[in-house]
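Residue numbers (full-length UniProt numbering), protein chains in the order written: chain Z, 1 to 492; chain A, 1 to 492.
The structure under discussion appears below in the form of structure tokens.
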């Protein structure tokens, strides 16, 4: 996806990855005599070979050899983004936590632990059970994590984590997982993408919902602020993915940070003005950063993760997506399918959360062996009808930032004027879009107009309706002329 | 752009074009042992070589050897889209016109003419002056067209058009040029993209505005209907670009048809749910067609056309675009810049026409030697204030499909209740979102809510405003408790 963004800007890209059919090599052919490099991103010799061919070096995975990158930085011939220091700090999750804590950023309590049952028992005394045990290195997509529910599992945990250096983290009973992509320019400028909700399955990112919907609007703003502050503590340019937990008491904790474009930002390709990939390139090349705003009201990203070595299961979901409005299929060109391997993703965009969630349903149902999760409705306009000294529409308007339409209902006395006054005469600050007494039709039509001011198809429908109205009036005019006003009777 | 769309679906693509650095070959590396073909798309031998390597053959330019394609079709081994018959018919602009006319589709009057001054004089007698002379073959981007203003230019015209077979077309004094991209599935299913306005400069497409803004909503619908009907008369699957003229009397004429993805549909990559390129692939592969709807309220496409052999002039515009919100740069990887050559394009998307037109300005100003064209405002919500037996808001609402907010203005008698009743008591069918008497503040805030229901950033601003209101109330509550109600004085 990074190579793709680079080609649109006619940037020269050299890729280090194993084999000729690595995904990025399929979508970017270098100008001869330049060539991609066949080798592992952990091979110091190959990294040096890559460095010799480029002006700026960046990574798409943080598990690279930071020492080699430091050596390249010191030679001062080329730029490395993010810096080897940042990569080194993030590679070791314990050091990452120490750094965030030292920077006064909110993280769950944690402790360094030895790989012994005694040390685990001591840690569980301090942090409580269950306890999250994490390998300090090479941990991602749930690999290197072990949830310790009882101290009797201690030996099992140590064996599962392969006797590597560990640390223990207090169990975070989060209500939501949030992610924020942050881009940091070479000059230090910071921009964040909208906060999104991430949903994991078997420890791997399964779904991303953008933007985050939360009754408390402060949550998204706070998540972005924390994410930006966290990224500012690191050196080097580029995109960072910040994973956060929203806790039941409203606190937001940083889970971990990825120093690169991130799975939770894939949705930005179709849903934002500038994708995380293009912004990563802009950042590391000292170009102006692009807008991180959403250009559509709602987006959902679904990962296509192998469940077996049968690639047909993945292709099936992709085929179903071709019949889903607003779905964009991204297959990564990986030839071998394996359980837990990310084979592609599908991004759904739409004019409301209701749309994208409805369109998500057939995709979830097409997943191999998956049970569809419940979907929730998205609301764009509220219609409130009320009679008497009608408070409801005004109260609703005070509780939401959505447009509220009020319908005064005629009661047994005062002909509904009491309702009308109560609804329309809202004080400065809280408007209610009031329609005529008992005229719920107009409330519905106004709602359509409001939706239509954002959605071309809805506006077209409204235009058609208005033309139909005009036609009906003209028929009545003809009739009136034909029969004369004395004989014209209005039919209701 | 087609190769790019194909790679996302992991389709195998083989490209026939000259050299290794043809744009499409830069962004799609075939799986070995498959290889692209080095050769011209007019070389019959190379076309046969390509046909031998693929299952479906398609074109990105119509000036190919239709006879060879017909031979390939007859062998029945592979599918060719669109058909050789369609290509042959469209290649000869006179035959194309004859076909459209025979299908009862609206075209400007035209005549076949010999390449002699006498024949041109006779044609000008019939069709009037000025007259558009067109070469029947190999005419595009204004090449092969000659505008004959006076019969004294006859010899000059014949020389300029290279003595090729010609036809003459009645001058179309159009008020607007419109384009509609239409996709036709292999099963005959038809879908059209929104009608757009195209603006040409020196006979080459310069700007595309999507969607078409016209006071008469019928125009866009009629343009789409005519375009769909025209495409239905051709055989084969794929995307067709239909160029139309809107005449001063409201008629819509077909100018010409391109049997392939078209410059006026580039905007679909960023602005529509499914791009013209992906839909072309879906069509020729008998896959379900994707949604052709806009996913953003407004888009503008600006072509980057060489004015000299200095590619830096083009790169300059691309660099300026990096600072323009909502701009996506597409550089085609062509190494040589030449006058009139399409080197790339920039698509601007935004939440209103006002946004995209404002963002277009710096790009137009960055074009080599260009003068910025005037920009017009986009309207999403209308606020109408009125006093007395106030008709204005209702009348406005009857004339537009946008949401209209009415503000009753208090007159010297009746305390504004007359205005309120006149505005709010609209009959069923035409709603006016009425706010309190004299409360223009609420009208403004309601407009923000309406815009905010589509735009995340506006909604966030509204959320902030509401939190500020809450804060102010709480300060007053504290003050009240502190000083006691007896001493509490409301300050205005």
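Note that beta-carbon positions come from the ideal geometry of N, C-alpha and C, so glycine has one too.
Bear in mind the structure is a predicted one, so any value in this text is a computation, not a measurement.
Ignore the nearest five residues each way along the sequence and tell me which others in residue 129 (chain Z)'s own chain have a CB closer than 8 angstroms to its CB.
Start at 1 with the first residue of the first chain, and residue 129 (chain Z) comes out as number 129. Excluding positions up to five away in sequence, the list reads 148, 149, 150, 151, 171.
With a threshold of 16 other CB atoms inside 10 Å of the CB of residue 492 (chain A), please say whether the residue is buried or exposed.
By 1-based counting over the second chain, the position of residue 492 (chain A) is 492. Because residue 492 (chain A) carries a pLDDT of 47, less than 50, the predicted location of this residue cannot be relied on, and the following value inherits that uncertainty. Answer is exposed; the Cβ neighbour count stays below 16.
Quick check on the DSSP output: the alpha helix (DSSP H) that includes residue 49 (chain Z) runs from which residue to which?
The count along the first chain starts at 1 and reaches residue 49 (chain Z) at position 49. Here the alpha helix (DSSP H) through residue 49 (chain Z) covers 44-53.
Are the beta-carbon atoms of residue 240 (chain A) and residue 319 (chain A) separated by less than 8 angstroms?
Locating residue 240 (chain A) in the second chain gives position 240, counting from the first residue. Locating residue 319 (chain A) in the second chain gives position 319, counting from the first residue. Taking 8 angstroms as the Cβ cut-off, residue 240 (chain A) and residue 319 (chain A) do not qualify as a contacting pair.
Can you name the residues of chain Z whose CB is closer than 8 angstroms to the CB of residue 313 (chain A)?
Along the second chain, read from residue 1 onward, the residue named residue 313 (chain A) stands at position 313. Within 8 angstroms Cβ-Cβ: nothing; residue 313 (chain A) doesn't reach chain Z, min ~14 angstroms.
Going by the DSSP bridge assignment, what does residue 135 (chain A) pair with across the sheet?
In the second chain, residue 135 (chain A) corresponds to position 135, counting from 1. In the DSSP output, where bridge partners are listed per residue, residue 135 (chain A) has A:166.
Between which two residues does the beta strand (DSSP E) harbouring residue 192 (chain A) extend?
Translated into positions along the second chain, residue 192 (chain A) becomes position 192. Where residue 192 (chain A) is concerned, the enclosing beta strand (DSSP E) stretches over 190-192.
Check whether the Cβ of residue 493 (chain Z) lies closer than 8 angstroms to any Cβ atom in chain A.
The displayed coordinates of chain Z run from 1 to 492. Any statement about residue 493 (chain Z) would go beyond what the structure contains.
Say whether chain A places a C-beta atom closer than 8 angstroms to the C-beta of residue 19 (chain Z).
One-based indexing of the first chain puts residue 19 (chain Z) at position 19. So, not an interface residue.
Just to confirm the assignment, what range does the alpha helix (DSSP H) spanning residue 419 (chain Z) have?
As a working mapping, residue 419 (chain Z) is identified with position 419 in the first chain. 417-424 is the span of the alpha helix (DSSP H), which, as asked, contains residue 419 (chain Z).
Cβ of residue 450 (chain Z) less than 8 angstroms from any chain A Cβ?
As a first step, residue 450 (chain Z) must be located in the first chain, where it is residue number 450. For residue 450 (chain Z), the answer is yes, since a Cβ of chain A falls inside 8 angstroms of its Cβ.
Nearest to residue 60 (chain Z) by CA position, among Z:41, Z:341, Z:461, Z:445, is which residue?
Here the question's residue 60 (chain Z) lines up with position 60 in the first chain. The option with the nearest alpha carbon to residue 60 (chain Z) is Z:41.
Just the C-alpha distance for residue 48 (chain Z) and residue 297 (chain A), rounded to the nearest angstrom, thanks.
What you label residue 48 (chain Z) is simply residue 48 of the first chain in a count that begins at 1. What you label residue 297 (chain A) is simply residue 297 of the second chain in a count that begins at 1. Going from the Cα of residue 48 (chain Z) to the Cα of residue 297 (chain A) covers about 48 angstroms.
Give the DSSP bridge partners of residue 298 (chain A), in chain order.
If you number the second chain from 1, residue 298 (chain A) lands on position 298. Paired residue(s): A:350.
Run the CB neighbour count on residue 286 (chain Z), radius 10 Å, all protein chains shown included, and call it buried at 16 or more, exposed below.
Within the first chain, residue 286 (chain Z) is the residue found at index 286, counting from 1. With fewer than 16 Cβ atoms within 10 Å of its Cβ, residue 286 (chain Z) is classed as exposed.
Comparing the C-beta of residue 439 (chain A) with each C-beta of chain Z, is any distance below 8 angstroms?
Counting from 1 along the second chain, the entry for residue 439 (chain A) is found at position 439. Output row for residue 439 (chain A): interface = yes.
Please check if any C-beta of chain A sits within less than 8 angstroms of the C-beta of residue 14 (chain Z).
The count along the first chain starts at 1 and reaches residue 14 (chain Z) at position 14. False, the Cβ-Cβ gap to chain A never drops below 8 angstroms.
For chain Z, check one thing: does any of its Cβ atoms lie closer than 8 angstroms to the Cβ of residue 265 (chain A)?
Here residue 265 (chain A) refers to the residue found at position 265 of the second chain. No, its Cβ sits nowhere closer than 8 angstroms to a Cβ of chain Z.
Which whole runs of the alpha helix (DSSP H) in the region 239-276 of chain A are 4 residues long or more, in chain order?
Those alpha helix (DSSP H) runs which fall completely within the region 239-276 of chain A and span 4+ residues are 268-271.
Mind checking which residues open and close the beta strand (DSSP E) that includes residue 79 (chain A)?
As a working note, residue 79 (chain A) is residue 79 in the second chain. Residue 79 (chain A) -> beta strand (DSSP E) spans 79-81.
With DSSP as the reference, please indicate the residues paired to residue 58 (chain Z) in a beta bridge.
One-based indexing of the first chain puts residue 58 (chain Z) at position 58. In DSSP, residue 58 (chain Z) forms a bridge with Z:81.
Under 8 angstroms between beta-carbons, which chain A residues line up against residue 355 (chain Z)? List them in chain order, please.
Taking the first residue of the first chain as position 1, residue 355 (chain Z) is located at position 355. Per Cβ cutoff of 8 angstroms: no residues; residue 355 (chain Z) is ~11 angstroms from chain A at best.
Along chain A, in chain order, which residues have C-beta atoms closer than 7 angstroms to that of residue 222 (chain Z)?
As a working note, residue 222 (chain Z) is residue 222 in the first chain. By Cβ distance, chain A contributes nothing, its closest Cβ being about 12 angstroms from residue 222 (chain Z), past 7 angstroms.
Closer than 7 angstroms by beta-carbon distance: list the chain Z residues that pair up with residue 44 (chain A), in chain order.
Here residue 44 (chain A) is taken as the residue at index 44 of the second chain, counted from 1. Residues of chain Z passing the Cβ test: none, with the nearest at roughly 27 angstroms.
Could you check whether the Cβ of residue 48 (chain A) sits closer than 8 angstroms to any Cβ belonging to chain Z?
As a first step, residue 48 (chain A) is located in the second chain; it is residue number 48 there, counting from the start. So, not an interface residue.
Does the beta carbon of residue 330 (chain A) sit closer than 8 angstroms to a beta carbon anywhere in chain Z?
Indexing the second chain from 1 puts residue 330 (chain A) at position 330. Closer than 8 angstroms to some Cβ of chain Z, the Cβ of residue 330 (chain A) qualifies, so yes.
Within 10 angstroms of its Cβ, does residue 35 (chain A) collect 16 or more other Cβ (buried), or is it exposed?
For the purposes of this step, residue 35 (chain A) is identified with residue 35 of the second chain, where counting begins at 1. Classification for residue 35 (chain A): exposed.
Where does residue 435 (chain A) land, buried or exposed, given buried means 16+ other C-beta within 10 angstroms?
On the second chain, position 435 is the one that residue 435 (chain A) refers to. When all chains shown are included, residue 435 (chain A) counts as buried.
Pairs of beta-carbons, one from the region 469-476 of chain A and one from the region 409-428 of chain Z, closer than 8 angstroms: are there three or more?
At 8 angstroms Cβ cutoff, the stretches do not touch.
Measure the alpha-carbon distance for residue 323 (chain A) versus residue 288 (chain Z) and round it to whole angstroms.
For this step, residue 323 (chain A) is matched to residue 323 along the second chain. For this step, residue 288 (chain Z) is matched to residue 288 along the first chain. Rounded to whole angstroms, residue 323 (chain A) to residue 288 (chain Z) spans 6 angstroms at the Cα level.
Does residue 235 (chain A) come within less than 8 angstroms of chain Z when only Cβ atoms are used?
Indexing the second chain from 1 puts residue 235 (chain A) at position 235. It does not: the Cβ of residue 235 (chain A) has no partner Cβ on chain Z nearer than 8 angstroms.
Sorted by chain position, which residues of the same chain lie with C-beta nearer than 7 angstroms to residue 65 (chain A)'s C-beta, five sequence neighbours on each side aside?
For the purposes of this step, residue 65 (chain A) is taken as the residue at position 65 of the second chain. Excluding positions up to five away in sequence, the list reads 42, 44, 47.
For the beta strand (DSSP E) that contains residue 201 (chain Z), what are its first and last residues?
Translated into the one-based positions of the first chain, residue 201 (chain Z) becomes position 201. It spans 196-201 - the beta strand (DSSP E) in which residue 201 (chain Z) sits, taken as one unbroken run.
I need the DSSP call for residue 329 (chain Z), collapsed to helix, strand or coil.
Taking the first residue of the first chain as position 1, residue 329 (chain Z) is located at position 329. Note: residue 329 (chain Z) maps to strand in three-state DSSP.
Using a Cβ cut-off of 8 angstroms (strictly closer), state whether residue 28 (chain Z) contacts chain A.
By one-based count along the first chain, residue 28 (chain Z) stands at place 28. With 8 angstroms as the cut-off, residue 28 (chain Z) counts as an interface residue toward chain A.
Closest Cβ-Cβ distance between residue 460 (chain A) and chain Z: below 8 angstroms?
The sequence position of residue 460 (chain A) within the second chain is 460, counting from 1. By this cut-off, residue 460 (chain A) is an interface position.
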